[in-house]
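**Q** Quick mapping for you: the protein sequence lines, in order, are chains E and Y.
Per this note's numbering, residue 1 is the first one in the first sequence, and the count goes up by one each step.
Per this note's numbering, residue 286 is the first one in the second sequence, and the count goes up by one each step.
Beta carbons: idealized from backbone N, C-alpha and C, even for Gly.
Since the structure is predicted, the reported quantities are computational estimates derived from the model, not experimental observations.
Below is one structure. I have some questions about it.
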Amino acid sequence: MSAGTEPLVVQPVEIRGPSAFGGDWRRFWNLVWLTAVAEYRTRYLHSWLGYAWSLLRPLMLFGVLYVVFSQVIRFGGDIENYAALLLFNIMLFQFFSDATTASVRCVARRESLVRKMQFPRIVIPLSVVLTALLTAVMNLIAALLLISVIGVEPRLTWLLLPVVLIVLLVLITGVSLALSALFPRFRDVEQIWTVIARALFYGTPVLYPIEFVPDGFRSFVAAFNPLVPIFEQARIWVMDPDAPSMVEAAGGALGVAVAATILVVTCLFGLWIFEREAPRVAEEL
Amino acid sequence: MAGANAIEVRNVSKTFRIPTNRVLTLKQRVLHPFQSQAYRSLRALDDVSFDVERGEFIGIVGRNGSGKSTLLKLIASIYRADAGSIRVAGRMAPFIELGVGFNPELNAHDNVVLNGVMMGLTPREARRRFDEVIEFAELEDFTELKLGNYSSGMRVRLAFAVMVQVDADVMLIDEVLAVGDASFQERCAETFMDLTQRGKTIVLVTHSMGHLNRFCSRALLLEDGRIDTLGAPGEVAARYTEVNFAPRAVRSSLLSAGGSEARPSEPRARIADAWVGTEGGERTLSVQRREPIELRAEVEVDEAFDGARFGVEIWAAGGRRIFAAPSTPLIEGPGAESGRWLVVATIENRLVPGRYRLNCGVSQLGPDGEEVPVSDIRGVPFEVLGDRIRGSLMDLGHDALVQPLVDAQVIRR
Chain E
1 MSAGTEPLVV QPVEIRGPSA FGGDWRRFWN LVWLTAVAEY RTRYLHSWLG
51 YAWSLLRPLM LFGVLYVVFS QVIRFGGDIE NYAALLLFNI MLFQFFSDAT
101 TASVRCVARR ESLVRKMQFP RIVIPLSVVL TALLTAVMNL IAALLLISVI
151 GVEPRLTWLL LPVVLIVLLV LITGVSLALS ALFPRFRDVE QIWTVIARAL
201 FYGTPVLYPI EFVPDGFRSF VAAFNPLVPI FEQARIWVMD PDAPSMVEAA
251 GGALGVAVAA TILVVTCLFG LWIFEREAPR VAEEL
Chain Y
286 MAGANAIEVR NVSKTFRIPT NRVLTLKQRV LHPFQSQAYR SLRALDDVSF
336 DVERGEFIGI VGRNGSGKST LLKLIASIYR ADAGSIRVAG RMAPFIELGV
386 GFNPELNAHD NVVLNGVMMG LTPREARRRF DEVIEFAELE DFTELKLGNY
436 SSGMRVRLAF AVMVQVDADV MLIDEVLAVG DASFQERCAE TFMDLTQRGK
486 TIVLVTHSMG HLNRFCSRAL LLEDGRIDTL GAPGEVAARY TEVNFAPRAV
536 RSSLLSAGGS EARPSEPRAR IADAWVGTEG GERTLSVQRR EPIELRAEVE
586 VDEAFDGARF GVEIWAAGGR RIFAAPSTPL IEGPGAESGR WLVVATIENR
636 LVPGRYRLNC GVSQLGPDGE EVPVSDIRGV PFEVLGDRIR GSLMDLGHDA
686 LVQPLVDAQV IRR
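Below, the structure written as structure tokens:
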């Protein structure tokens, strides 16, 4: 208990009700961090393997897809290092799908907190994204180790990967904010997002290299799915400097510009909708 | 320090939109895809203004749905006001309902740190105060247990301990004392006294007039989202009792109803007003234990009639009739005339302290001796003051005399 010297009179300050941000930044960051850690800790709390699952799950998914594609469909035999490409792509996509899927219900799930405590509402989705980011960083490091075992030479460009990760993080944050803000009002969001996330999985060069997509269709996909340039750039830096650059994939600078615009707009939309919904979210739940 | 406001509430209004659950058929949905959901709006708070000074302990009372909790949540910044402004000086710790947003999967330590940070501590401060929190909550043996396995009493104790140890300037508390055993309630009470002495500002939402009188320096009564009374706890408590029973006081006049053929004549009388009075006749809401209850009723008689009777009943809070006095003749004989009459019924008070309601009515004695109600007033509230007597319906006077029993003493020796 502090009995120290207090300022003589604390002036009353306006209470504006709940908001997306608000409060001082130290508290804001502390809350995001503590909530993310708590979230990470509780996720695998009752499983035997604990944290190992966050790596094992994508690895097993990789195993299934690799067997199906290389042995059953006989796909990827003529692609250099198909296993390495698939493994890294799956780890990267897992970041996107984990974060966005978890964020749909995150605000609704914390109903009791939202209805009884005053804190910046945006802390909730941000902590979910942060949890996914922590997992993703560890998984990607593991993936790089594994693919260097499979036969991909470590390169200096690996050090540039955080750039890719940051751009992806921006996109993920935007989508997560929008999803978590919309869900309390429109419960359909969850169903819709399951389908969209699946569509994006196949619409992004995860299972296949971008050059397998027919020409006319390719630039369309690359321009309207911001994940494509991100994955393409990651592939160049990780294993294949000769792979089509994102400009080539998108069929010109215009395509990349469209993709970049979509990314920025998604992010701003997420922020705007969250900011708009935050004050009333406690009442909607 | 004195004179500075800790909380300023100005013209605050809040309306909730409640979706009316209309079941739309698939066809309707397809035909009118953009038809918006219908809403009923509920005005929870209507133009509420008040100030709370630093160091004040203010109690907010009101019936269910009167807007108490909404007001608390608005001050706590959990809801946003539609209109008006709220200002709070210093750090604020809300304590709203059970559980206070603990994560059931985490243990006490993680929850205390997270909760402390939410209430404005740094993680370091929160960790440092953990031991004090646990000690205060008397949960030393359960720090490793995850919160999901705590009993509700334990959770409340922990939450209350966090709130106290956070050492905020303004505390907002909603109905905590209702939960927890007697020893916890006693600790809460001690803590409140201690906090007020240290100049903390406390807002307590409660249903208990006992708490109001015991802790609060001032009280606020909300009724239908408006401030009904703001003043001394005793005054507000009295008004609360009154308001709480008021709408149940049905003033009915059976005369206006049809089907009066069975009656021998057309009696016209109405009880205009009824109240419990003091010896001097002033209206009151409470009588001391054993002090006689004086019920006063104003009866308007438009047309004198034969067989008019006056009756009184006393009902306990639980809806049990405790006493029904044999009806007394109201106005009889040749002196009976129209006009206004005052009936004073003095009832010997053998009631245990608590809340009661009085019903009184005028009836007419029928030819077969049955009483046909003419007019009545129900639910006149009053309270018998005094120390509670548990497990008793009546307060019958008694005396216990202790004297040495000579024979027994002899035997014992």
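#1: Taking C-alpha atoms, which residue in E:V189, E:Y202, E:T266 lies nearest to S286 of chain E?
#2: Would you say the beta carbon of R503 of chain Y comes nearer than 7 Å to a heavy atom of the ligand COA?
#3: Using a beta-carbon distance below 8 Å, is D558 of chain Y in contact with chain E?
#4: Mind checking if F286 of chain E is an interface residue toward chain Y, Cβ cutoff 8 Å exclusive?
#5: Alpha carbon to alpha carbon, what distance is there between L85 of chain E and V64 of chain E?
#6: Below 7 Å on C-beta distance, what does A282 of chain E contact in chain Y?
#7: Is the beta carbon of V164 of chain E less than 8 Å from the beta carbon of W237 of chain E?
#8: Are L168 of chain E and I230 of chain E close, meaning C-beta to C-beta below 8 Å?
#9: Compute the beta-carbon to beta-carbon distance between P379 of chain Y and L457 of chain Y, rounded to the nearest angstrom, for a pair I have assumed lies under 8 Å.
#10: Counting only the same chain and skipping the five closest in sequence on each side, list residues whose C-beta sits under 8 Å from that of A610 of chain Y.
#11: Is there a Cβ of chain E sitting closer than 8 Å to that of A446 of chain Y, yes or no?
#12: Taking the straight line between their C-alpha atoms, what separation do you get for S502 of chain Y and E576 of chain Y?
#13: Excluding sequence positions up to five away, which residues of its chain have a Cβ less than 7 Å from the Cβ of E546 of chain Y?
#14: Only counting runs of 3 or more residues, tell me where the beta strand (DSSP E) segments fall wholly within the region 449-537 of chain Y, in order along the chain.
#15: Do three or more CB pairs link the region 216-232 of chain E to the region 251-259 of chain E at distances below 8 Å?
#16: Who are the Cβ neighbours of K358 of chain Y in its own chain at under 6 Å, not counting the five residues just before and after it?
#17: Helix, strand or coil, according to DSSP, for M679 of chain Y in the structure here?
#18: Looking at the C-beta of V171 of chain E, does it have a partner C-beta in chain Y at a distance below 8 Å?
#19: Check distances from the C-beta atoms of the region 23-57 of chain E to those of chain Y and list, in chain order, the residues that come in under 8 Å.
#20: To the nearest whole angstrom, what separates the beta carbons of A446 of chain Y and F421 of chain Y, a pair I think is in contact under 8 Å?
#21: Could you give the distance in angstroms between the alpha-carbon of D661 of chain Y and the alpha-carbon of A582 of chain Y?
#22: At a cut of 8 Å, does the region 521-530 of chain Y reach the region 341-359 of chain Y through at least three beta carbon pairs?
#23: Alpha carbon to alpha carbon, how far is R155 of chain E from P241 of chain E?
#24: For G484 of chain Y and L643 of chain Y, what's the separation of their Cα atoms in angstroms?
#25: Give the DSSP-derived three-state secondary structure of F667 of chain Y in the structure shown.
#26: Using only CA atoms, which one of Y:L356, Y:G624, Y:I578 lies nearest to F590 of chain Y?
#27: To be precise: take each residue of the region 389-405 of chain Y, compare its Cβ to all Cβ atoms of chain E, and keep it if any distance is under 7 Å. Which residues remain?
#28: Run down chain E in chain order and give the residues with a C-beta less than 8 Å from the C-beta of N290 of chain Y.
#29: Could you check where the beta strand (DSSP E) with A378 of chain Y kicks off and where it finishes?
#30: Does any residue of chain E bring its CB to less than 8 Å from the CB of E585 of chain Y?
#31: Which class does I556 of chain Y belong to by DSSP, given the choice of helix, strand or coil?
#32: Are there 16 or more other CB atoms within 10 angstroms of the CB of A199 of chain E, so buried, or fewer, so exposed?
#33: Taking all protein chains shown into account, do 16 or more other C-beta atoms lie within 10 angstroms of the C-beta of R555 of chain Y, making it buried, or fewer, making it exposed?
#34: Measuring straight from C-alpha to C-alpha, what distance separates V265 of chain E and I122 of chain E?
#35: Assuming D367 of chain Y contacts K299 of chain Y (C-beta within less than 8 Å), just tell me the rounded distance between them.
#36: Using a Cβ-Cβ cut-off of 6 Å (strictly less than) and excluding sequence neighbours within five positions of G433 of chain Y, which residues of its own chain qualify?
**A** According to the structure data:
#1: The question about residue 286 of chain E has no answer, for chain E in this structure spans 1 to 285.
#2: The ligand COA is absent from the structure shown, which contains no ligand whatsoever.
#3: no
#4: Lying outside 1 to 285, the shown extent of chain E, residue 286 of chain E is not represented and no answer is given.
#5: 15 Å
#6: I363, Y364
#7: yes
#8: yes
#9: 5 Å
#10: G596, V597, E598, A630, I632
#11: no
#12: 28 Å
#13: Bear in mind that the predicted position of E546 of chain Y carries a pLDDT of just 38, short of 50, making it unreliable; the figure below should be weighed with that in mind. So the list is empty, once near-sequence residues are dropped.
#14: 455-459, 486-490, 503-508, 511-516
#15: yes
#16: Y364
#17: strand
#18: Residue identity differs from the one stated: residue 171 of chain E is Leu in this sequence, not Val. So, not an interface residue.
#19: R26, R27, N30, L31, L34, T35, A38, R41, T42, L45
#20: 4 Å
#21: 10 Å
#22: yes
#23: 10 Å
#24: 43 Å
#25: strand
#26: Y:G624
#27: E390, L391, D395, V398, L399, V402, M403, G405
#28: P12
#29: 377-381
#30: no
#31: strand
#32: exposed
#33: buried
#34: 18 Å
#35: 5 Å
#36: P389
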